[in-house]
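Student: The structure follows.
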Amino acid sequence: MKGKKPKNASTRSKASKASKEAFTLRLYIAGQTPRSLAALSNLKRICSEHFDGDQYRLEVIDLVKHPQLAHEDNILAIPTLVRSLPVPIRKIIGDLSNTDRVLVGLDSDGALRRAK
Amino acid sequence: MAKRTERTGLHPTSLPKARTGIPGLDEVSFGGLPRGRTTIVCGGPGCGKTMLGLEFVVRGAIEFNEPGVVLAFEETVAEMTRNVASLGFDLDDLVRRKKLFMEYVHIEPREIQETGEYDLEGLFIRLQQAVKTVGAKRVMLDTLEALFSGFPNEGILRAEIRRLFRWLKDRNLTTVVTAEKGEGTLTRHGLEEYVSDCVILLDHRINDQVSTRRMRIVKYRGTRHGADEYPFLIDEEGISVLPITSMELKHRVSNQRISSGVPDLDVMLGGKGFYRGSSVMLSGTAGSGKTTLSSTFAEASARRGERCLYIGLEESNLQVARNMKSVGIDLDTWVRKGLLIHEAWRPTQYGVEMHLLRIHKLIAKVKPRTVVIDPVSNLINTTTEREVQSMLTRLIDFLKSAQITFLFTSLTHGGAALEATDEGISSLIDTWILLRDVELNGERNRVLHVLKSRGMAHSNQLREFSLSRRGIQLLQPYIGPAGVLTGTSRLSQEAQERANAVSRQQDIDRKREEIERKRRALQAQIDVLKTEFSAEETGLERDLQEFQKAQEQVQLNRAQMARSRGSDSRAAKTGSTK
Numbered sequence: 001m002k003g004k005k006p007k008n009a010s011t012r013s014k015a016s017k018a019s020k021e022a023f024t025l026r027l028y029i030a031g032q033t034p035r036s037l038a039a040l041s042n043l044k045r046i047c048s049e050h051f052d053g054d055q056y057r058l059e060v061i062d063l064v065k066h067p068q069l070a071h072e073d074n075i076l077a078i079p080t081l082v083r084s085l086p087v088p089i090r091k092i093i094g095d096l097s098n099t100d101r102v103l104v105g106l107d108s109d110g111a112l113r114r115a116k
Numbered sequence: 117m118a119k120r121t122e123r124t125g126l127h128p129t130s131l132p133k134a135r136t137g138i139p140g141l142d143e144v145s146f147g148g149l150p151r152g153r154t155t156i157v158c159g160g161p162g163c164g165k166t167m168l169g170l171e172f173v174v175r176g177a178i179e180f181n182e183p184g185v186v187l188a189f190e191e192t193v194a195e196m197t198r199n200v201a202s203l204g205f206d207l208d209d210l211v212r213r214k215k216l217f218m219e220y221v222h223i224e225p226r227e228i229q230e231t232g233e234y235d236l237e238g239l240f241i242r243l244q245q246a247v248k249t250v251g252a253k254r255v256m257l258d259t260l261e262a263l264f265s266g267f268p269n270e271g272i273l274r275a276e277i278r279r280l281f282r283w284l285k286d287r288n289l290t291t292v293v294t295a296e297k298g299e300g301t302l303t304r305h306g307l308e309e310y311v312s313d314c315v316i317l318l319d320h321r322i323n324d325q326v327s328t329r330r331m332r333i334v335k336y337r338g339t340r341h342g343a344d345e346y347p348f349l350i351d352e353e354g355i356s357v358l359p360i361t362s363m364e365l366k367h368r369v370s371n372q373r374i375s376s377g378v379p380d381l382d383v384m385l386g387g388k389g390f391y392r393g394s395s396v397m398l399s400g401t402a403g404s405g406k407t408t409l410s411s412t413f414a415e416a417s418a419r420r421g422e423r424c425l426y427i428g429l430e431e432s433n434l435q436v437a438r439n440m441k442s443v444g445i446d447l448d449t450w451v452r453k454g455l456l457i458h459e460a461w462r463p464t465q466y467g468v469e470m471h472l473l474r475i476h477k478l479i480a481k482v483k484p485r486t487v488v489i490d491p492v493s494n495l496i497n498t499t500t501e502r503e504v505q506s507m508l509t510r511l512i513d514f515l516k517s518a519q520i521t522f523l524f525t526s527l528t529h530g531g532a533a534l535e536a537t538d539e540g541i542s543s544l545i546d547t548w549i550l551l552r553d554v555e556l557n558g559e560r561n562r563v564l565h566v567l568k569s570r571g572m573a574h575s576n577q578l579r580e581f582s583l584s585r586r587g588i589q590l591l592q593p594y595i596g597p598a599g600v601l602t603g604t605s606r607l608s609q610e611a612q613e614r615a616n617a618v619s620r621q622q623d624i625d626r627k628r629e630e631i632e633r634k635r636r637a638l639q640a641q642i643d644v645l646k647t648e649f650s651a652e653e654t655g656l657e658r659d660l661q662e663f664q665k666a667q668e669q670v671q672l673n674r675a676q677m678a679r680s681r682g683s684d685s686r687a688a689k690t691g692s693t694k
């Protein structure tokens with residue numbers, strides 16, 4: 001479940017076309033709260049329904065365990081899903097219960113379609 | 117019973133407070149902000165909220181060894197660091213020494229999409245992390261309301277803000293939250309609903325193109341606090357707040373007297389001069405010698421070794437120093453010795469509050485025993501009489517409590533009643549010396565008069581004085597049958613009297629000679645009579661002797677005749693005795 005950050009995704013063209021892992025997603029949660037668990041299961045469902053397995057990389061960060069990481073993506077709300085690639089960065093906050101909004105949030109600039 | 121405990125709970129010492137270290141603020145809040153609680157600082161843009169919050173945290177770290185956390189929602193850490201670097205705060209250094217933790221929380225509404233329930237646990241975690249890193253006692257959130265632009269779900273946000281304030285309180289963190297002023301409310305988003313411990317309102321207004329900042333403690337639960345609007349200033353040393361007046365008139369009083377610098381004037385002031393710590397006003401028309409008299413006072417103070425702060429609001433210090441040389445007052449020497457601190461600035465340079473603050477700061481720096489301001493009336497040009505009056509009240513108050521003797525001049529305009537000062541502050545003044553020109557016989561002469569002087573038997577005389585190379589000289593008053601005369605009138609009157617005296621003297625001399633002459637004539641007559649008398653006497657004696665001689669001759673002749681007739685010698689003898 002816990003992936004690695006694509007440190008070498010240097011340019012936009014590489015990331016969106018050449019690389020298989022077009023999406024880098026990070027889900028920030030704080031402890032095993034019902035809301036966090038809901039967000040995680042919602043996200044997994046959306047990903048399995050709308051992405052190919054090799055198309056994205058998902059990282060789950062528990063801020064209770066790694067509080068210093070909250071600074072990195074400037075996290076305030078929990079849960080927050082961060083799409084750090086492709087740029088620009090997108091943030092979706094909430095338990096991700098509304099699938100359409102999640103997809104709009106992830107794909108509002110057509111990144112998903114281009115990747116497919 | 118319950119009531120009693122409640123009342124003791126209101127005792128000012130019962131509420132722990134965290135000192136801000138901001139000059140003046142600790143005084144008006146009676147000790148600082150409520151410890152372990154949240155204070156809202158609100159106001160319009162540019163009113164100094166961020167500065168106040170930042171100073172609270174930074175001074176806490178530097179002066180009170182209470183590390184702090186700054187969470188900035190509007191300015192980046194680099195910007196903030198730069199902003200306060202000019203105040204001499206090295207935030208980078210504080211961060212390195214783990215006295216301060218600063219974090220910029222960027223909120224970009226365009227990046228954020230909401231879907232479903234969430235909370236702001238991320239913010240809490242970051243805050244927790246920050247507090248833990250430095251062991252913070254103080255927190256500043258600037259400006260928390262920025263959250264409202266990033267999170268459209270106000271219901272969640274308000275619940276989370278409420279939770280945040282509770283969270284801060286539970287951790288006993290003394291917090292300052294800045295907030296934008298709203299229309300008709302203290303804060304735009306009504307944050308004061310959640311924080312009811314202490315609310316400070318800042319205000320920045322412009323009167324006649326001069327800006328004044330003011331601060332008011334709207335609310336401070338559980339403790340007394342100053343309720344007025346207090347002017348404050350942001351300058352190169354940060355914020356300073358001016359407590360307007362202490363509520364009570366409880367100054368220490370001194371019986372010590374200090375010289376005015378003019379011995380004759382001291383004589384007029386009950387023989388000893390001003391009381392230490394009193395306020396003295398010299399009022400007078402243009403050119404009546406106010407600056408000279410105040411310089412004399414300043415010099416006398418320096419000569420006694422009491423540092424004097426001389427604030428000129430009309431002439432530059434160099435000009436005053438030059439002019440005073442002409443009357444034999446050498447201010448430069450004392451400036452060099454550090455006993456006279458001579459500052460000059462334009463009255464229009466600042467608002468009246470800024471003047472007051474600048475004076476306060478100078479006094480704090482210089483620590484003078486005497487202060488001279490020449491003239492205060494110039495301040496009126498910049499603002500209203502009321503404000504100048506209020507400023508002087510506060511200044512006099514402050515100086516009295518510090519036992520600093522305060523002398524200031526006030527220009528009375530020609531035509532205005534001399535004894536009505538523009539500032540209407542006569543009630544504040546202990547000693548009021550009026551300088552005026554007396555116009556008579558085509559000339560003006562300077563006279564001074566002690567209009568009032570509390571607590572001493574002062575002279576009621578109008579005294580003429582002159583400015584010469586030896587400074588101020590009070591002239592002996594001329595009081596004659598024609599009243600008090602000054603200047604040439606006095607001189608001519610005196611000349612006249614001298615002439616009269618001379619002529620009377622001459623009269624007397626003449627009479628004396630006459631008598632002498634008469635005495636001599638009398639003596640001569642006496643001598644003549646004596647001569648005549650003695651001549652007559654001599655004549656008489658000569659006659660007598662001749663008569664006796666003649667008698668003797670008759671006897672002799674008779675005896676010779678008898679002898680020749682041969683008669684009885686006895687008979688001849690008898691006959692001679694008849």
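Just so you know, the protein sequences line up as chains A and B, in that order. All letters in the first sequence, in the order written, are residues 1 to 116 by my numbering. All letters in the second sequence, in the order written, are residues 117 to 694 by my numbering. Note that the Cβ used here is the ideal one computed from N, Cα and C, for glycine as well.
CB-CB under 6 Å to T99 of chain A, same chain, minus the five flanking residues each way: which ones, in chain order?
Tutor: The residue given as residue 99 of chain A occupies position 99 in the first sequence. The residues are I46.
Student: Counting only runs that start and end within the stretch 136-213 of chain B, where is the alpha helix (DSSP H) found for 4 or more residues in a row?
Tutor: Runs found: 141-144, 165-179, 193-201, 207-212.
Student: Taking the beta strand (DSSP E) that L239 of chain B belongs to, which residues open and close that run?
Tutor: Here the question's residue 239 of chain B lines up with position 123 in the second sequence. Looking at the DSSP string, L239 of chain B is not in any beta strand (DSSP E); the run it does join, the alpha helix (DSSP H), is 237-250.
Student: Sorted by chain position, which residues of the same chain lie with C-beta nearer than 8 Å to V369 of chain B's C-beta, five sequence neighbours on each side aside?
Tutor: What you label residue 369 of chain B is simply residue 253 of the second sequence in a count that begins at 1. The answer, listed in chain order, is Y391, G393.
Student: So is S48 of chain A in contact with chain B if we call contact Cβ pairs under 7 Å?
Tutor: Along the first sequence, one-based indexing puts residue 48 of chain A at 48. It does not: the Cβ of S48 of chain A has no partner Cβ on chain B nearer than 7 Å.
Student: Quick one: is A232 of chain B near chain A, going by C-beta distance under 7 Å?
Tutor: For the purposes of this step, residue 232 of chain B is taken as residue 116 along the second sequence, with counting starting at 1. The residue you asked about is not Ala; residue 232 of chain B is Gly in the sequence shown. Closer than 7 Å: yes.
Student: Under 7 Å, Cβ to Cβ, is there at least one residue of chain A near M363 of chain B?
Tutor: By 1-based counting over the second sequence, the position of residue 363 of chain B is 247. Caution applies to M363 of chain B, whose pLDDT of 46 falls short of 50 and renders its modelled position unreliable; the value that the coordinates give is listed next. Output row for M363 of chain B: interface = no.
Student: Is there a Cβ from chain A that is less than 7 Å from the Cβ of G238 of chain B?
Tutor: Residue 238 of chain B sits at position 122 when you count from the first residue of the second sequence. Chain A, which has a Cβ nearer than 7 Å to the Cβ of G238 of chain B, makes this yes.
Student: Nearest to M331 of chain B by alpha carbon, out of B:R340, B:L257, B:I241, B:V315?
Tutor: Start at 1 with the first residue of the second sequence, and residue 331 of chain B comes out as number 215. Comparing Cα positions, the closest option is B:V315.
Student: Taking a contact to mean a Cβ-Cβ separation below 7 Å, would you say P463 of chain B touches L429 of chain B in this structure?
Tutor: Here residue 463 of chain B is taken as the residue at index 347 of the second sequence, counted from 1. Here residue 429 of chain B is taken as the residue at index 313 of the second sequence, counted from 1. Yes, Cβ-Cβ distance for P463 of chain B and L429 of chain B is below 7 Å.
Student: To the nearest angstrom, report how far apart I475 of chain B and F189 of chain B are at their CA atoms.
Tutor: By 1-based counting over the second sequence, the position of residue 475 of chain B is 359. By 1-based counting over the second sequence, the position of residue 189 of chain B is 73. If you take the alpha carbons of I475 of chain B and F189 of chain B, they lie about 36 Å apart.
Student: Who are F217 of chain B's beta bridge partners in DSSP?
Tutor: Taking the second sequence and counting its residues from 1, the one referred to as residue 217 of chain B is at position 101. Answer is B:V185.
Student: State the DSSP-derived secondary structure class of V566 of chain B, mapped to helix, strand or coil.
Tutor: The residue you call residue 566 of chain B lines up with position 450 of the second sequence. Reduced to three states, the DSSP call for V566 of chain B is strand.
Student: I'd like to know whether the C-beta atoms of S417 of chain B and L550 of chain B end up nearer to each other than 7 Å.
Tutor: Against the second sequence, residue 417 of chain B aligns to sequence position 301. Against the second sequence, residue 550 of chain B aligns to sequence position 434. No, Cβ-Cβ distance for S417 of chain B and L550 of chain B is not below 7 Å.
Student: Since E227 of chain B meets chain A, which of its residues come closer than 8 Å, beta carbon to beta carbon?
Tutor: In the second sequence, counting from the first residue as 1, residue 227 of chain B sits at position 111. The contacting residues are P88, I89, R90, K91.
Student: Return the chain-ordered list of same chain residues with a C-beta closer than 6 Å to the C-beta of S84 of chain A, the five sequence neighbours on each side being excluded.
Tutor: As a first step, residue 84 of chain A is located in the first sequence; it is residue number 84 there, counting from the start. Answer for S84 of chain A: T24, listed in chain order.
Student: Check the Cβ-Cβ distances between R242 of chain B and every residue of chain A, and say whether any is below 7 Å.
Tutor: Locating residue 242 of chain B in the second sequence gives position 126, counting from the first residue. R242 of chain B counts as touching chain A.
Student: For M440 of chain B, count the other beta carbons within 10 Å of its own beta carbon; 16 or more makes it buried, fewer makes it exposed. Which is it?
Tutor: Here the question's residue 440 of chain B lines up with position 324 in the second sequence. By the neighbour-count rule (16 or more Cβ atoms within 10 Å), M440 of chain B is buried.
Student: Taking L43 of chain A as the reference, give the member of A:R90, A:P88, A:L81 with the closest Cα.
Tutor: Against the first sequence, residue 43 of chain A aligns to sequence position 43. If we check each option's Cα against that of L43 of chain A, A:L81 comes out closest.
Student: Report the residues of the stretch 259-284 of chain B with a CB closer than 8 Å to any CB of chain A, ordered along the chain.
Tutor: The stretch 259-284 of chain B vs chain A, Cβ under 8 Å: L263, G266, F267.
Student: Could you name the residues of the same chain whose beta carbon sits closer than 6 Å to that of L260 of chain B, not counting the 5 residues immediately before and after it, in chain order?
Tutor: Indexing the second sequence from 1 puts residue 260 of chain B at position 144. Cβ neighbours of L260 of chain B beyond the five flanking positions: V293.
Student: I'd like the list of long-range same chain contacts for G148 of chain B, defined as Cβ closer than 8 Å, with 5 residues on each side in sequence excluded.
Tutor: Here residue 148 of chain B refers to the residue found at position 32 when the second sequence is read from its first residue. Excluding sequence neighbours, G148 of chain B sits near K133, A134, R135, T136, L141, D142.
Student: So which residues of chain A does D235 of chain B contact, with C-beta pairs closer than 8 Å?
Tutor: For this step, residue 235 of chain B is matched to residue 119 along the second sequence. Ordered by position in chain A, the residues that pass the 8 Å Cβ test against D235 of chain B are R35, A77, I78.
Student: Can you check DSSP and say which residues form a bridge with Q589 of chain B?
Tutor: Your numbering for residue 589 of chain B matches position 473 in the second sequence. Answer is B:S582, bridged to Q589 of chain B.
Student: Closer than 8 Å is the cut-off here; do at least three beta carbon pairs connect the stretch 228-235 of chain B with the stretch 101-108 of chain A?
Tutor: At 8 Å Cβ cutoff, the stretches touch.
Student: Could you give the C-beta distance for L544 of chain B and L508 of chain B, rounded to a whole number, given that I count them as a contact under 8 Å?
Tutor: Position 428 of the second sequence, counted from the first residue, corresponds to residue 544 of chain B. Position 392 of the second sequence, counted from the first residue, corresponds to residue 508 of chain B. Yes, L544 of chain B and L508 of chain B are in contact; Cβ-Cβ is about 7 Å, under 8 Å.
Student: In or out: M363 of chain B buried (at least 16 other Cβ within 10 Å) or exposed?
Tutor: In the second sequence, the residue the question calls residue 363 of chain B occupies position 247. Caution is warranted here: a pLDDT of 46 is assigned to M363 of chain B, below 50, making its placement in the model unreliable, and the coordinate value is therefore given only provisionally. Exposed is the call here.
Student: Could you check whether M218 of chain B and I355 of chain B sit closer than 7 Å to each other, using their CB atoms as the reference points?
Tutor: Start at 1 with the first residue of the second sequence, and residue 355 of chain B comes out as number 239. Start at 1 with the first residue of the second sequence, and residue 218 of chain B comes out as number 102. For I355 of chain B and M218 of chain B, no; Cβs fall outside 7 Å.
Student: By DSSP, does N561 of chain B sit in helix, in strand, or in coil?
Tutor: The residue labelled residue 561 of chain B in the question sits at position 445 within the second sequence. N561 of chain B falls in the strand class under three-state DSSP.
Student: Nearest to A275 of chain B by alpha carbon, out of B:E296, B:R254, B:E233?
Tutor: Along the second sequence, read from residue 1 onward, the residue named residue 275 of chain B stands at position 159. Considering only alpha carbons, the answer is B:E233.
Student: Below 7 Å between beta carbons: does that hold for G164 of chain B and L216 of chain B?
Tutor: Residue numbering aside, residue 164 of chain B sits at position 48 when the second sequence is read from its first letter. Residue numbering aside, residue 216 of chain B sits at position 100 when the second sequence is read from its first letter. No, the pair does not count as a contact, with Cβ atoms beyond the cut-off.
Student: If I follow the unbroken beta strand (DSSP E) through D313 of chain B, where does it start and stop?
Tutor: The residue labelled residue 313 of chain B in the question sits at position 197 within the second sequence. Counting along the chain, D313 of chain B falls outside any beta strand (DSSP E), and DSSP gives it neither H nor E.
Student: Between which two residues does the beta strand (DSSP E) holding I445 of chain B run?
Tutor: Here the question's residue 445 of chain B lines up with position 329 in the second sequence. Element bounds for I445 of chain B: n/a, residue is neither H nor E.
Student: Locate the alpha helix (DSSP H) running through T407 of chain B, then write down its first and last residues.
Tutor: For the purposes of this step, residue 407 of chain B is taken as residue 291 along the second sequence, with counting starting at 1. Segment 406-419, the alpha helix (DSSP H) holding T407 of chain B.
Student: Out of B:M256, B:R419, B:E501, B:K477, which has the shortest C-alpha to C-alpha gap to K453 of chain B?
Tutor: For the purposes of this step, residue 453 of chain B is taken as the residue at position 337 of the second sequence. Of B:M256, B:R419, B:E501, B:K477, the residue nearest in Cα terms is B:R419.
Student: In chain A, what lies closer than 7 Å to V221 of chain B by C-beta?
Tutor: Stepping through the second sequence from its first residue, residue 221 of chain B is reached at position 105. The answer, in chain order, is N74, L76.
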